[in-house]
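Heads up, the sequence shown is in numbering that gives the first Met the number 0, so the first residue is 0 and it goes up one at a time. Taking it in order: structure first as structure tokens, then the write-up.
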Amino acid sequence: MNFELSEQHLAVREAARDFARQECLPGVIERDSNMTHPTEILKKMGEMGFLGMMVDPKYGGGGMDSLSYAIAMEEFSKIDNSCSVAMSVNNSLVCWGLETFGTEEQKQKYLPKLATGEWIGAFCLSEPEAGSDATSQRTTAVDMGDHYVLNGTKNWITNGGTSQLHLVIAQTNPELGHRGINCLIVETSWDGVVVGAKEDKLGIRSSDTHTIMYNDVKVPKENRVGEDGFGFKFAMKTLSGGRIGIASQALGIAAGSYELAAAYAKEREAFGKPIIKHQGISFKLADMAMQVEAARMLVYRSAWLKDQGMDYDMASSMAKLAASEAAMKISVEAVQVHGGYGFVKEYHVERLMRDAKITQIYEGTSEVQRIVLGRFVEKGQLY
Ligand code: CAA
Ligand code: FAD
0 MNFELSEQHL AVREAARDFA RQECLPGVIE RDSNMTHPTE ILKKMGEMGF
50 LGMMVDPKYG GGGMDSLSYA IAMEEFSKID NSCSVAMSVN NSLVCWGLET
100 FGTEEQKQKY LPKLATGEWI GAFCLSEPEA GSDATSQRTT AVDMGDHYVL
150 NGTKNWITNG GTSQLHLVIA QTNPELGHRG INCLIVETSW DGVVVGAKED
200 KLGIRSSDTH TIMYNDVKVP KENRVGEDGF GFKFAMKTLS GGRIGIASQA
250 LGIAAGSYEL AAAYAKEREA FGKPIIKHQG ISFKLADMAM QVEAARMLVY
300 RSAWLKDQGM DYDMASSMAK LAASEAAMKI SVEAVQVHGG YGFVKEYHVE
350 RLMRDAKITQ IYEGTSEVQR IVLGRFVEKG QLY
């Protein structure tokens, strides 16, 4: 067992940390307040290779492993979670899904654009009546021989207003249940793709989350990903890796909150000494440090398992559950350590606290992760 990061992993961490501090930190408070999308920053992230980190270099990507991606996600998420959620969706849902299950033609046509940030991708599974209960798809893709006709509504779509490509999950054969579902590649410039208003959210406020309507969208047959009826399995398999991305985001929120709280506690004085010298505060920080490290072990291990070609479904659910619960707890405590200053925007911890909440909801709520883990327990597969 080797817990040491390689030279390459350390270099990725440094590059992501520098980029996040230099490019994402300036203006992050204002973008959050005004719900301003970080369009220019994402463009630069694409140019720097952060949007297609794991994609094979022959399709324009960085050819890196999942651990490098998790490390980079952690650094971005200490600072700007609207940037890191866009990065997560593009890397681990859209690029990974296409590269793993797409045809050679699909990969050659779309990956070079997506891996470099020329295009941004969105993953469209959730619907008004199908969130956790994801098999209850109402969106339909009617098979017309050489093409599908797509109709329906997806909601909560990250990158919804700024993406050029959607992976859309839709029902083709309702009588087959989840085995009749397909995944279609849809270009947003096509007729019938309608983007609804941007959601006004508690956290990740500058990320663009939209409802999307598909009205009689004609999708060529060659844009189906995988065999007929593979769409639900495609979504589940892709989400297993996506959950490593969101677990890394949660880890970044936890670690970032802890680092801000520890630094503040050394500076702020009360009763004649730095507040870290009061046991009530140092115990909080000790617990926070331990929880960050525990989450990091689970997140890195799930990425490592994926890199080894081993099964990681259980590990990614566990990492997402643990890291998102840690992010919520630690960010609340970080506000407490800051006292009144933690309650205002200038000190960053209130934003991280608001951002933490979404990590317990998207890519499978904490309850859904427990459903997944509970099934492994039932099968006797949990160690
Ligand atoms: N890999 C491969 N196949 C899988 C799988 C996996 N990890 N998990 C399930 N399946 C297969 C099952 O084997 C089954 O197929 P068969 O019947 O052919 O064996 C099929 O999928 C249905 O599985 P279940 O019977 O387990 O389905 P269920 O209705 O009980 O639901 C669930 C399971 C885990 C709750 C699932 O619906 C789920 O994950 N829901 C949450 C949805 C979600 O995470 N949405 C995220 C949207 S994207 C997003 O949120 C992005 C963002 O924020 C940034
Ligand atoms: P519901 O499924 O209605 O759940 C409501 C509550 O009931 C939750 O607490 C849930 O855990 C609980 N619950 C439901 N079923 C059970 C059960 N069987 N046992 C115990 N508890 C249960 N989706 C996409 O497809 N693409 C995206 O890009 C995307 N981005 C998002 C961005 C944001 C900001 C948000 C808010 C959501 C995003 N989502 C996206 C949707 C997200 O994945 C769903 O919100 C999530 O899966 C939960 O679905 P729901 O909101 O319908 O809640």
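For every residue, glycine included, the Cβ atom is placed at its ideal position computed from N, Cα and C. This structure is a prediction, so every number in the text was calculated from the model and none was measured.
From which residue to which residue does the beta strand (DSSP E) around residue i run?
| i | result |
| --- | --- |
| residue 180 | 180 to 186 |
| residue 195 | 192 to 197 |
Going by Cα to Cα distance, which pick from the options is closest to residue i?
| i | options | result |
| --- | --- | --- |
| residue 91 | 50, 118 and 116 | 50 |
| residue 235 | 138, 306, 153 and 131 | 131 |
| residue 302 | 267, 244 and 354 | 244 |
| residue 307 | 37, 65 and 197 | 65 |
| residue 221 | 35, 46, 156 and 186 | 186 |
| residue 74 | 112, 23, 15 and 32 | 15 |
| residue 224 | 147, 17 and 338 | 147 |
| residue 355 | 27, 24, 81 and 11 | 81 |
Taking DSSP's pairing of strands, which residues face residue i in a bridge?
| i | result |
| --- | --- |
| residue 157 | 208 |
| residue 122 | 166 |
| residue 151 | 213 |
| residue 268 | 273 |
| residue 223 | 183 |
| residue 218 | 147 |
| residue 129 | 126 |
Leaving aside the five residues before and after residue i along the sequence, list all residues of the same chain whose C-beta is less than 8 Å from its C-beta, in chain order.
| i | result |
| --- | --- |
| residue 62 | 53, 54, 55 and 56 |
| residue 349 | 334, 341, 342 and 343 |
| residue 20 | 78 |
Report all residues from its chain with a CB closer than 7 Å to the CB of residue i; omit the five preceding and five following residues, and keep chain order.
| i | result |
| --- | --- |
| residue 287 | 257, 260, 329 and 332 |
| residue 237 | 92, 95 and 96 |
| residue 191 | 213, 214, 215 and 216 |
| residue 263 | 336 and 337 |
If you drop the 5 nearest sequence neighbours on each side, which residues of the same chain put their C-beta closer than 6 Å to that of residue i?
| i | result |
| --- | --- |
| residue 172 | 179 |
| residue 117 | none |
| residue 276 | none |
Could you give the residue range of the alpha helix (DSSP H) that holds residue i?
| i | result |
| --- | --- |
| residue 140 | Note, residue 140: premise wrong, no alpha helix (DSSP H); beta strand (DSSP E) at 139 to 142. |
| residue 100 | 95 to 100 |
| residue 358 | 348 to 358 |
| residue 59 | Here residue 59 belongs to no alpha helix (DSSP H), and DSSP marks it neither H nor E. |
| residue 23 | Premise fails: residue 23 is in no alpha helix (DSSP H) and is neither H nor E. |
| residue 78 | That residue, residue 78, is in no alpha helix (DSSP H); it is neither H nor E in DSSP. |
| residue 313 | 312 to 337 |
| residue 387 | The question about residue 387 has no answer here: the residues shown for the chain are numbered 0 through 382. |
| residue 43 | 38 to 46 |
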